[in-house]
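Undergrad: Residue numbers (the working numbering): 1 to 192. Glycine included, every Cβ here is placed at the ideal spot set by N, Cα and C. None of the values given here were measured: they were computed from a predicted structure.
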């Protein structure tokens, strides 16, 4: 049935993404110590305070909303944050205070449900960024529907919010999908 097909698709996605790396005792398990190589039509953004680097589409601008280590938020956009004809991305990093991925996922789910009474939150597991497990929320309501990816690394919560996550948005939704893939494939943690 459908559950079996979804499980098989998830299995294929996970096993197809395996990249074997040597394991060193007492070292963090991350896919690599370096940032991704900047490719044509891309922008390499490095946030040393929050401990990550990522590739974005070329010509994107960065707005530093908050630059503290335990409350760090960046917005990535083309032309203007008000421009709804291009996808946008926010990356927020906050102190996890010892919480696990399951803890922060359930808390985020409750926060969404509280803000949008009666909304049935949809989230899925099995995602990874730089070797770290992540969960994804789809079509989260707000000014625009968003796709949100949440993970915990080094006792920090990383929340990536992509907009618009709305197929009715047409080309900009397709562009968001391309940016999402670029970010998910290139997101890397900086080594301490």
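Start and end of the alpha helix (DSSP H) containing residue 115?
TA: As a first step, residue 115 must be located in the chain shown, where it is residue number 115. Residues 101-115.
Undergrad: According to the Cβ coordinates, are residue 44 and residue 101 closer than 8 angstroms?
TA: As a working mapping, residue 44 is identified with position 44 in the chain shown. As a working mapping, residue 101 is identified with position 101 in the chain shown. No, the Cβ-Cβ distance between residue 44 and residue 101 is not below 8 angstroms.
Undergrad: Name the one or two DSSP bridge partners that residue 140 has.
TA: Within the chain shown, the letter at position 140 stands for residue 140. In DSSP, residue 140 forms a bridge with 146.
Undergrad: So, are the CB atoms of residue 98 and residue 189 less than 8 angstroms apart?
TA: In the chain shown, residue 98 corresponds to position 98, counting from 1. In the chain shown, residue 189 corresponds to position 189, counting from 1. It is not a contact, given that the beta carbons lie outside the stated cut-off.
Undergrad: Below 8 angstroms on the Cβ atoms is my contact criterion, and I expect residue 55 with residue 186 to pass it. Report the Cβ-Cβ distance as a whole number of Å.
TA: On the chain shown, residue 55 is found 55 positions in, with the first residue counted as 1. On the chain shown, residue 186 is found 186 positions in, with the first residue counted as 1. Residue 55 to residue 186, Cβ: 4 angstroms. Contact.
Undergrad: Helix, strand or coil: how does DSSP classify residue 96 here?
TA: Taking the chain shown and counting its residues from 1, one reaches residue 96 at position 96. Three-state DSSP puts residue 96 in coil, outside helix and strand.
Undergrad: Ordered along the chain, which non-local residues of its own chain (more than five positions away) have a Cβ less than 7 angstroms from that of residue 159?
TA: Position 159 of the chain shown, counted from the start, is the residue given in the question as residue 159. Here the set comprises 92, 148 and 150.
Undergrad: Grab me the residues of residue 155's own chain with a C-beta within less than 8 angstroms of its C-beta, minus the 5 sequence neighbours each way, in chain order.
TA: For the purposes of this step, residue 155 is taken as the residue at position 155 of the chain shown. For residue 155, where only same-chain residues beyond five positions count, the Cβ hits under 8 angstroms are 95, 96, 97 and 98.
Undergrad: Under the rule that 16 or more other beta-carbon atoms within 10 Å means buried, what is residue 167, buried or exposed?
TA: On the chain shown, position 167 is the one that residue 167 refers to. Residue 167 should be labelled exposed.
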